[in-house]
Amino acid sequence: MAWTRALLEEREVRTPEGTFILTLEREDLSPLYPTMERYTLTLWAGKRAAAVFRTNTYEYSPTVGLDPLSVARQRARQWEEGLKDDPLEFLAYLKKIPLRAPPALPLTDVVVVQGSPRADGNCSILAGWVAEEVRASGKSVQVLYPDDMDIHPCIGCYQCYNTGTCTFDDEMEGVVRALRYARLLIVCSPVYTNTVPAGLKALIDRCQALHATLNFTGRRIRMEVVCGLLLGVCGRQGQENFACLTQVVEVFMENLGITVAGMVLVDGVDRVRDIRTIPGLEGRVRAVVQTALSTSCSPS
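Using this note's numbering, the first residue of the sequence shown is number 2, and each one after it goes up by one.
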């Protein structure tokens, strides 16, 4: 999607090392978020962008007393002063960007997110059936356990909509990379207080950075995932108990451009205890996975 962009300011900064240009642009991002604007300050050394600073309206809470345009202009003044004082030292300072460790997770055809904090429960049984079926089809798979991972909850700072990168440097970076390159995403989740467990919700919320990369930043990427599946279990009887769970997972996948291709929702588990005793359930799960792999999740 192309955003409406306007040049607000442009100024020359003359130094002993040459002339630099500072530009300040505004982008209208309201088609995706109401009233959202992003401001981009760029330091140009000839035709090369030596530094870029971005900020947006959603970063600033009502009580902080700041706005993105004022912040961008203040940053422009700081850059101008730094260039005039010592251009070489200032440019070297701008290049000192902390490096992040490379993501440790492998890239696989299928990613299964086992959302239950109980690693030996019924969701783990579902994930096991899925993994077996995927491997039997000759494809690679990995199962992620959010509760065993270092994933900081999203704090709603909206800085990811400036750079496409989350402010937190943790294991979520590897999760995002794995999701980008998988062909099929499968979420296994129990119902906790009518919705998903906290660990899974943290992973879902942190995927806002991936949504930002897909839609807002200049370095847009393409998701390999074209569809997803939801496998859910609930202690109480009645499919209505999955209402919130399904909405959360559907919106999560929709934000990433993933179509929900199928669901298997198992209620009344409190009475059953072990879903392996439910006649035909394993076959249903394997069938929906096989269908997704062979038809709707095939690349166009």
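Just so you know, even glycine gets a beta-carbon here, dropped at the ideal spot from N, CA and C.
Whole-angstrom distance between residue j and residue i, CA atom to CA atom
i    : j    : result
P88  : T16  : 7 Å
R274 : N123 : 8 Å
L108 : A179 : 5 Å
E13  : F54  : 17 Å
R220 : F243 : Low per-residue confidence applies at R220: pLDDT is 48, beneath 50, and the placement is therefore not dependable enough to give any value.
S301 : R184 : Low local confidence applies: a pLDDT of 45 at S301 is under 50, so the model's placement there is unreliable, with the coordinate-based value given in what follows. Between S301 and R184, the C-alpha separation is close to 12 Å.
S141 : R78  : 52 Å
G129 : S190 : 13 Å
G47  : E11  : 14 Å
V114 : V144 : 6 Å
V270 : I279 : 10 Å
G157 : Y61  : 10 Å
I187 : Q238 : 23 Å
C155 : E28  : 24 Å
Q209 : M37  : 15 Å
D206 : H212 : 10 Å
Y182 : A203 : 21 Å
Y146 : T214 : 24 Å
D324 : P32  : As displayed, the chain neither begins before 2 nor continues past 301, which places residue 324 out of reach and without an answer.
E251 : A105 : 27 Å
T168 : Q75  : 21 Å
A7   : E26  : 6 Å
L231 : V65  : 40 Å
V267 : A137 : 24 Å
Bounding residues of the alpha helix (DSSP H) (the contiguous stretch that carries residue i)
i    : result
L282 : L282 to T292
R184 : No alpha helix (DSSP H) holds R184; DSSP gives it neither H nor E.
L33  : It is not in any alpha helix (DSSP H) - L33 carries neither H nor E in the DSSP assignment.
I279 : No alpha helix (DSSP H) holds I279; DSSP gives it neither H nor E.
Exposed unless 16 or more other CB atoms sit within 10 angstroms - verdict on residue i
i    : result
P35  : exposed
V226 : buried
L67  : exposed
P198 : buried
G284 : exposed
A52  : buried
G19  : exposed
Y40  : buried
V135 : buried
Beta strand (DSSP E) segment containing residue i, residue limits
i    : result
T260 : T260 to V267
D170 : Neither: D170 is in no beta strand (DSSP E) and is coded neither H nor E.
V273 : Counting along the chain, V273 falls outside any beta strand (DSSP E), though it belongs to the alpha helix (DSSP H) covering V270 to V273.
L23  : G19 to D29
V197 : Taken as a continuous stretch (DSSP letters only), V197 belongs to no beta strand (DSSP E), as it is neither H nor E.
L1   : Residue numbering for the chain in the displayed model covers 2 to 301; residue 1 lies beyond these limits and cannot be assessed.
T16  : T5 to T16
Chain C contact for residue i (CB, 8 Å cutoff)
i    : result
G236 : Of the chains in the structure shown, none is chain C; there is only one protein chain.
Closer than 7 Å: residue i CB and nearest the ligand GDP heavy atom
i   : result
L33 : No copy of the ligand GDP occurs in the structure displayed, which carries no ligand at all.
In chain order, which alpha helix (DSSP H) runs of at least 4 residues are fully inside the region 37-91?
-> Listed in chain order, the complete alpha helix (DSSP H) runs (minimum 4 residues) inside the region 37-91 are 69-86.
List in chain order: all unbroken alpha helix (DSSP H) runs of 4+ residues lying wholly within the region 88-162.
-> 88-95 and 123-137
Looking at C-beta atoms only, is the number of pairs between the region 280-291 and the region 239-255 that lie closer than 8 Å three or more?
-> The region 280-291 is not in contact with the region 239-255.
If you pair each beta-carbon of the region 88-97 with each one of the region 152-165, do three or more pairs fall below 8 Å?
-> no
Whole alpha helix (DSSP H) elements within the region 199-247, 4-residue minimum | 199-207 and 209-216
Pairing CB atoms from the region 150-157 with CB atoms from the region 171-178, are three or more of them under 8 Å?
-> yes
Between the region 261-268 and the region 231-251, do three or more beta carbon pairs fall short of 8 Å?
-> yes
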